[in-house]
Structures are given as C-alpha cells and as structure tokens.
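Student:
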Amino acid sequence: MAPRGPRGAFFGERGMRDISEALAALDAEATAALESAADEAALEQVRVRYLGRKGALAAILRALVDLDPAQRPAIGKCANDVKQRLEAALTARREALLAAARSAAESAHVDVTLPGRPIPMGRLHPSTQILRRICQIFADMGFQIYRSPDVETEEMNFELLNIPAYHPARDMWDTFYTTEEGILLRTHTSPGQIRAMRESWPHPIRVILPGMCYRYEQITARSEIQFHQVEGLAVGRHVTMTDLKGTLVSFAHRMFGAERRARFRASHFPFTEPSAEMDVECILCEGAGCALCKQTGWLEILGCGMVHPTVLQNGGYDPMAYSGFAFGMGPERITMLKHRIEDIRYFWTNDLRFLEQF
Ligand code: FA5
C-alpha cells in the first residue's frame, strides 16, 4: 500500500521526513519554552500548547495515520520519545519552580525570637500633659471642666471683672483687638467666671476653665504672647478663704509632692477681694535660696482670691447670700518649674529635641 497525504493521499519518503523534522522542531521549541516558563501559570500554558489534547504534538500524532503502515512504528516511537522527554522536562521544571518558591518563602520567614523593630510613637505636647494632670487633680476634688471662648468681648474680659476702661490693670493685660469694635482675644481665662456664673445661677459652682490666653507684651524667657491658663471657680452659700487655701494646698501637694511647703502672699486683682498669690517652696534649692527662686526660696505658681462682690453680682449671684473663691495659674510656668526649663519659648518652636524629652 502506498502512503497517503493529509487529504487521503498516502505519505511517501518525503512525508515521513517532514514528520520527523516537525517532531524535532517541536521538541526543541517546547524544551526552550519549558525552561523559560517563570511560574506555574506560564508552565501550564506551555503544556497546553505543546502537550495538550489539541496541542502541537497531538496534531503530529494524528497525522501518523496517513503514513505507510510500515513506517508508523519507527516514527510512532520517535513521537513517543519526544512526548516522554517533554513530560519529564515539564515535571522537572515544575519541581524547580516549587523549590524556588519554597526557598523564597523560607527566607521571608518571620523569626519570632528576634527583638521587634520599634515603631516611632508620637506623644502629647508637654503643655497638654500638664493640662491633663491639673484637670485630673481638680476632677478628683469634684471640679468640672467648663469651656469658654478665646475670642471675647471687652466687657467680659474687663468691665464685668471690675476692670473699667481707666483702670491701670488694663496696661498689665493689654491684648490683641479684632477689627470688630469691642471684640478681642482674651488676656486671661477669668471672663469664663462670668459665663459660668450666668449659666449656673442659682446653683453652686465648682469648675475649672482651661484654655489659651493672649497678651500684647514683650516675648521673653518667662513671657509669651500666647499661653495657657487654668482658671478655677467655686461659688456657694458658705465658701470661705479656708476652702480656697485647703483646695490649693492640696493641689500643690499632688502636683509638686506632699513634702513641698506652700504659702499665700497678699496681692491685688480687681476681680477678687482679698487677693493673694500662692508660692511653693523652690524645687531646686528646697527653700535655701538659689538663682531660680531669686534667692527667696519660693516660686510663684498662681493668683487667687475671694470673688469680688461686684463680680458675683455681674454673674447673677447675690453677694449677701453667696460667696466664692477663684484662682488662675499658668501651666507652662508650672511645667518650667517642674522640669527646670529655662525658656518658655521652647514650648511653641516645635523643636523635637525639646518635645521628645517629655
Ligand atoms: C491673671 O491672669 C488672673 N486672671 C489670675 C486670677 C484668676 C487671679 C482668678 C485671681 C483670681 P496673672 O496675670 O498673674 O493673673 O496670670 C496668671 C498666671 O498666668 C501667671 O501666674 C502665669 O503663670 C501665667 N502667665 C501670665 N502671663 C504670662 C505670659 N505672658 N506667658 C506665660 N504665662 C503667663
């Protein structure tokens, strides 16, 4: 029987040579493709293209039926050899890819016994830390936090606090005025006293008012144009100077240590009568006298006094029936004392070398 071509004609010597050459070409091409497959997906594509049911090798094998039966065994064996070689190469490549993936995973393996890499943590600003500490101490004594605005009326900041326009204290508390007549940035938290009283009347009051204050003055190592204050106000039917002293001494002991002595010095504020300033024993020399306390042995921490009858009245409380005490302190100055910081300007210059110490 003579060999037939694809359309029924038998292949001759030539046809057999063509199939052998096609097998050799497929063998070389598929081997190269397998070797360059970079991952499992690429490998699968190569397998389907060359060894799949509709792949290149299957097409050649189908053509064997057109060969002279005498030639089929030899060429069939050759095709089988190619198939087996490619299948072995496929398996070898798959294993090599798996091994590479495994060793990559091993090198990325987390060693839980190694010390962790520290994550840089932010922290609270020293002013915020001291504000929270102050609030905590007064909260423990039953004081609530009352918020009052930074932008105030001249009336609240001065007149209602018994500081009329001609009063010399206005020079001490000069501030920044807005373009709106009579509206300014508060110089102290004391206007919050009037707001708290007007809101609470006729009930007793025990509040602290933390917040930012502004003053138009020379910036120095001790004075900023913007700084915090914490105001305190207690109003009731039998509030006395003894309550004021007990509250503030208790605060000083918790803030600076139970062994630290405190004292009150007579002073003057237009909105309190009598008025005082409170000192604590110098934290550096412990009362002996040094440069920090200007050789006095004492450091001033706040102003205070019994709420002036006019101010009580402006807040809506009858001074014949009610009395109260008030105080105002500067948290930045307290932080400076606690940590021996020599310049208040460090607080707002955003220098991490300073901030990271707290
Ligand atoms: C007042 O501002 C009064 N309102 C305090 C007061 C309240 C007295 C209630 C009586 C009753 P003085 O101006 O002294 O007082 O300021 C109070 C505190 O604010 C000072 O002790 C100081 O710690 C802080 N302080 C004042 N000016 C500055 C400034 N320029 N920079 C930083 N802190 C300041």
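Counting from 1297, one number per residue, gives the positions in the sequence shown under the working numbering.
All C-beta atoms, glycine included, are put in the ideal place defined by N, C-alpha and C.
From a predicted model like this one, the values you see are computed outputs, not experimental measurements.
#1: Can you tell me the Cα-Cα spacing of residue 1530 and residue 1578, whole angstroms?
#2: Pick out whichever of 1446, 1624, 1404 has its Cα sitting closest to the Cα of residue 1480.
#3: May I ask whether a heavy atom of the ligand FA5 can be found less than 7 Å away from the beta carbon of residue 1511?
#4: Does any heavy atom of the ligand FA5 sit closer than 7 Å to the C-beta of residue 1504?
#5: Decide if residue 1414 is buried, meaning its Cβ has at least 16 other Cβ atoms within 10 Å, or exposed.
#6: How would you write the range of the beta strand (DSSP E) that residue 1570 sits in, first residue to last?
#7: Report yes if the CB atom of residue 1339 is closer than 8 Å to the CB atom of residue 1389, and no otherwise.
#8: Residue 1326 and residue 1344 look like a contact to me (Cβ under 8 Å); what is the Cβ gap, rounded to whole Å?
#9: When you compare only the Cα positions, how much space is there between residue 1644 and residue 1455?
#10: Out of 1365, 1368, 1375, 1624, which has the shortest C-alpha to C-alpha gap to residue 1321?
#11: Return the CA-CA distance between residue 1368 and residue 1400, expressed in angstroms with no decimal places.
#12: Out of 1331, 1623, 1403, point me to the one whose CA is closest to residue 1485's CA.
#13: Please determine whether the Cβ atom of residue 1568 lies at a distance below 7 Å from any heavy atom of the ligand NAD.
#14: Between the alpha carbons of residue 1618 and residue 1537, how many angstroms are there, rounded?
#15: Does the beta-carbon of residue 1622, which I'm using as the reference point, lie nearer than 7 Å to any heavy atom of the ligand FA5?
#16: Considering only residues of the region 1415 to 1471, which uninterrupted alpha helix (DSSP H) runs meet the minimum length of 4 residues and lie entirely inside it, listed in chain order?
#17: Can the beta-carbon of residue 1595 be found less than 8 Å from the beta-carbon of residue 1576?
#18: Could you tell me the alpha carbon to alpha carbon distance between residue 1501 and residue 1433, rounded to whole angstroms?
#19: Taking the Cβ atom as the reference point for each residue, do residue 1488 and residue 1527 lie within a distance shorter than 8 Å?
#20: What I want to know is whether the C-beta of residue 1555 ends up closer than 7 Å to one or more non-hydrogen atoms of the ligand FA5.
Tutor: Taking the geometry as given:
#1: Rounded to the nearest whole angstrom, the C-alpha separation of residue 1530 and residue 1578 is 28 Å.
#2: The option with the nearest alpha carbon to residue 1480 is 1446.
#3: Checking every heavy atom of the ligand FA5 against the Cβ of residue 1511, one is found closer than 7 Å.
#4: Not one heavy atom of the ligand FA5 lies closer than 7 Å to the C-beta of residue 1504.
#5: Looking at its Cβ environment, which holds fewer than 16 other Cβ atoms inside 10 Å, residue 1414 is exposed.
#6: Element bounds for residue 1570: 1568 to 1577.
#7: A contact, by the Cβ cut-off of 8 Å.
#8: Not a contact, Cβ separation roughly 11 Å.
#9: Between the alpha carbons of residue 1644 and residue 1455 lies a gap of roughly 31 Å.
#10: It is 1375.
#11: Rounded to whole angstroms, residue 1368 to residue 1400 spans 47 Å at the Cα level.
#12: Looking only at 1331, 1623, 1403, the smallest Cα-Cα distance to residue 1485 is reached by 1623.
#13: The ligand NAD is not part of the structure shown, which contains the ligand FA5 as its ligands.
#14: Between the alpha carbons of residue 1618 and residue 1537 lies a distance of about 13 Å.
#15: It does: the Cβ of residue 1622 is within 7 Å (strictly closer) of some heavy atom of the ligand FA5.
#16: Here the runs fully enclosed are 1422 to 1436, 1450 to 1453, 1465 to 1468.
#17: At a Cβ-Cβ threshold of 8 Å, residue 1595 and residue 1576 count as neighbours.
#18: Looking at the two C-alpha atoms, the distance is approximately 17 Å.
#19: Yes. Within cutoff.
#20: Outside the cutoff, so no.
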